[in-house]
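**Q** Before anything else, here's the structure in question.
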Amino acid sequence: MKLPNKTEKFLPFISLILIIVVVSFLYQNNTFEMIENPLLDRLVVEEREINPDIKILAIDEESLEAIGKWPWPRDIMAKVSEELAKNGAKAVWLDILYSEKSSNPAEDEAWAQVMENTNNIYHSIYFELANKQAKNLPLQMTKVYQPVFPVDKSRMGLINTIADKDGVIRQAILGIQDENGEMVNSIDVVLANLLLPPDQQIYWDENRWMRGTEPLPTNAWNQAYFTYASTGFEVYPIASVISGELDPSNFAGSIVLIGPYALGMSDDLFATPVSKNIRMFGVEIHANIIQSLYDNQIYRLASETLGTCILVLLCLLAYFLMERLKAKWSALVLIGFVVAYVLIQIIVFIQAKLLLPLFYPLLAVFLVYVATVVLQYLRERRERSRVTEIFGRYVSKGVVKEILQNKEEIQLGGVRRDVTLVFVDIRGFTPLSEKMQPEEVILILNEYLDLCTRAVFAYEGTLDKYIGDGVMSIFGAPMDQPDHAARAIRAALQMKKGSAQLAERLIEKYGRSVSFGIGINSGPAVIGNIGSQERMDYTAIGDTVNLAARLESNAKPGQILISQNTYERVKDQFALTPLEPIKVKGKEQPVQIYQVEGELADFQNQDDNQEMKNLVRDNT
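In the working numbering, each residue carries its 1-based index in the sequence shown increased by 5.
Written out as structure tokens, the structure reads:
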């Protein structure tokens, strides 16, 4: 389908704007979150030294086997926590909710006593959140789960986390406001502050989170992206401490995190950027959050405004470069964009802790690449069609096709091909032109030449050139045509037939007419570009060409003469009358010639024409 010129002119800009609008919409709605997030995850897993002051006491398979099926009596956990606290642990935190009373009141009383006797044991608090949360508004809680025994608020911390749509935990909640509007810090903030110096403490300052004097990058839900360590933390079976095998003093000065670490406690297993296939227990996730807060390895995502600006800028730059290049070079530019942008992404993340969008800008650049390649193809196709249309008025479409498909510069020279040459000349045109005005001569001549041209092109011949009031054409080149001799004769018959109507008009108007004399010869000839680098013609040269021209000069008005070479190729297809051999210039011996009467099949059906029947029999 051919587009209007104006549409064609503005199509690249329309395509570019469409790409920007569509990809920006996809980016702002995070439509491809399942692709974007895993790509960004490669940046948030760091090779870093594990903080030796953060240790995990695991309720693992070994401990369950030694002590028994979970849940254990609460006094066991109270006792081991107290031992750790009294032996110098900086803090002991239990990733366990004691929000319901024990069936044995003595167990809760034991915990109450331990909490009264120590000041470095921390418990978990959990907020049940509303099902639907507005992203631009603070989180809304519906219920609180906290220890049933007395615990000071300063020794409790939130354990809430929210996974992304793909189930991966990438963000830590630093705090949530309770029903009274008071900010309740996460356990990660509480424990990280125990490791941080006073001037680097993390706190809520009315409407934002601070670390010392610097604000932390959080969203409306008080979430901050944190990094994961590529190596795990020190993990010890809690049974080794309970049994006395491991001295509690080994945890002196450390923050001890106690939590589930057994496959049978899978409700505390979560997917992380480290590995979706190998899930991580909640206690280890909190260890990573604590260390990220301590190391200030908290990062933020680029705002939608910044991300959209980057996307638009890359699209414009990619289009500016690719629109001017061939497809293969555009592909290299595309690869360059991908490599460069990924490097910029890494540098910005390391230097500024800013995570730029990755998938969406590269998607936009790829679509620009596809659009430019498609548009270039359409332009080339349109130009090829235009050149074929214009150039085809001068030479056959076969020649045009060969020229356009030739990837190398057209060179002088030719190749030896088996072809059939057709020479046509108008008989009686000179006397007729003496009675006509010059304008009329041109009109009549153009009609005859158009008739010849149409006949040649109808059988996929190559119109070599116009020679005054004559025509030279080639069959069998540049396109291979095994039946080129038959094609040439059929084209000649079409010329002869078409000239009849024109002849009648000339007789009616001028009292005389003209007709064709046609000579046809088949054989080897050199076909190619003849001339100079500045001006060349696609033509044929050789003895085959010369003989065809000689046959045309000997042809009478309305007569089609063919050589012996052509005769041997078509004798079973056409009605041919043998004539007396003729002497032609350049040949020592007389040349056998034949007159073409028509298609053999046509005469075979004419039972009343005995003469033609005899001719057919003789040819057969």
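Ideal Cβ positions, reconstructed from N, Cα and C, are used throughout, including at glycine.
Just list the residues that DSSP pairs Y471 with in beta bridges.
**A** V476
**Q** Quick test of your reading: V424 and H489, contact by CB under 8 Å. State the CB separation rounded to the nearest angstrom.
**A** Confirmed, about 6 Å.
**Q** Excluding sequence positions up to five away, which residues of its chain have a Cβ less than 7 Å from the Cβ of L363?
**A** E41, L44, L45, Q350
**Q** Straight-line CA distance for Q416 to V476?
**A** Confidence is the limiting factor: at Q416 the pLDDT is only 48, short of 50, which leaves the residue's position unreliable, though a coordinate-based value still follows. When rounded, the distance between both Cα atoms is 25 Å.
**Q** Do A497 and I525 have their beta-carbon atoms positioned less than 8 Å apart in this structure?
**A** Yes.
**Q** Label Q594 either buried or exposed according to how many other C-beta atoms from any shown protein chain fall within 10 Å of its C-beta, with 16 as the threshold for buried.
**A** exposed
**Q** Determine the extent of the beta strand (DSSP E) in which M215 is found, giving its start and end residues.
**A** 213 to 216
**Q** Specify the secondary structure class of T425 as computed by DSSP and reduced to three states.
**A** strand
**Q** Are the stretch 225 to 234 and the stretch 173 to 188 touching, with three or more C-beta to C-beta distances below 8 Å?
**A** With a cut-off of 8 Å, the stretch 173 to 188 and the stretch 225 to 234 count as touching, because enough Cβ pairs lie within range.
**Q** With burial defined as no fewer than 16 other Cβ atoms inside 10 Å of the residue's Cβ, what is the status of G237: buried or exposed?
**A** exposed
**Q** Taking only the alpha-carbon atoms, compute the straight-line gap between G180 and D300 and give it to the nearest angstrom.
**A** Each residue's alpha carbon lies about 19 Å from the other.
**Q** Report the residue from S235, I598, K588 whose alpha carbon sits nearest the alpha carbon of T582.
**A** Relative to the Cα of T582, the nearest Cα in the group S235, I598, K588 belongs to I598.
**Q** Say whether the stretch 321 to 341 touches the stretch 197 to 207, bearing in mind that this needs 3 or more beta-carbon pairs closer than 8 Å, one atom from each stretch.
**A** They do not touch, by the three-pair rule.
**Q** Going along the chain, which unbroken runs of the beta strand (DSSP E) with 3 or more residues stay wholly within the stretch 255 to 315?
**A** 260 to 265, 274 to 277, 280 to 286, 303 to 306
**Q** With a CB to CB cut of under 6 Å and the five nearest residues on each side skipped, what residues in its chain are close to P152?
**A** Y103, H128
**Q** Identify, in the order they occur along the chain, each residue of the same chain with its Cβ nearer than 6 Å to the Cβ of Q302, setting aside the five sequence neighbours on each side.
**A** T232
**Q** Applying the 10 Å Cβ sphere with the 16-neighbour rule, what's the burial state of Y382?
**A** With a threshold of 16 other beta carbon atoms within 10 Å, Y382 falls short and is exposed.
**Q** Report yes or no: do three or more beta-carbon pairs, one from the stretch 365 to 385 and one from the stretch 24 to 39, lie closer than 8 Å?
**A** yes
**Q** Which of the three DSSP states, helix, strand or coil, is assigned to A71?
**A** helix
**Q** What's the C-alpha gap between H387 and G528?
**A** Looking at the sequence provided, one finds Arg at residue 387 rather than His. Each residue's alpha carbon lies about 38 Å from the other.
**Q** Given this structure, state the Cα-to-Cα distance separating G287 from V27, to the nearest angstrom.
**A** 39 Å
**Q** Out of curiosity, what's the CA-to-CA distance linking S271 and M285?
**A** 10 Å
**Q** Please report the distance separating the alpha-carbon of N332 from that of I24.
**A** One point to set straight first is that residue 332 is Ala, not Asn, in the sequence displayed. Approximately 19 Å between the Cα atoms of the pair.
**Q** Opposite Q600 in the DSSP bridges: which residues?
**A** L566, T582
**Q** In terms of alpha-carbon separation, which member of Y346, A94, E509 lies closest to A323?
**A** Y346
**Q** In the stretch 96 to 159, which residue ranges form an unbroken beta strand (DSSP E) of at least 3 residues, counting only runs that do not cross its ends?
**A** With a minimum length of 3 residues, the unbroken runs of beta strand (DSSP E) contained wholly in the stretch 96 to 159 fall at 96 to 99, 126 to 134, 146 to 150.
**Q** Quick check: W75 and I192, are their CB atoms within less than 8 Å of each other?
**A** Cβ atoms of W75 and I192: not closer than 8 Å.
**Q** Between G536, V461, F480, which lies nearest to G503 when the distance is taken from Cα to Cα?
**A** V461
**Q** According to DSSP, T544 sits in a beta bridge with which residue or residues?
**A** Paired residues: G533.
**Q** Please report the residue range of the alpha helix (DSSP H) in which V446 lies.
**A** 443 to 463
**Q** According to the Cβ coordinates, are P220 and Q182 closer than 8 Å?
**A** no
**Q** Looking at the unbroken beta strand (DSSP E) that takes in P242, where does it start and where does it end?
**A** 239 to 242
**Q** Measuring straight from C-alpha to C-alpha, what distance separates V156 and L319?
**A** 55 Å
**Q** On a Cα-Cα basis, can you pick out the residue from P242, A139, N141, I295 that is closest to G162?
**A** The candidate whose alpha carbon is nearest that of G162 is I295.
**Q** Restricting to Cα atoms, I'd like to know which of G217, T549, N190 is closest to P202.
**A** Among G217, T549, N190, the Cα nearest to that of P202 is on G217.
**Q** Hey, how far is the Cα of V194 from the Cα of K358?
**A** 19 Å
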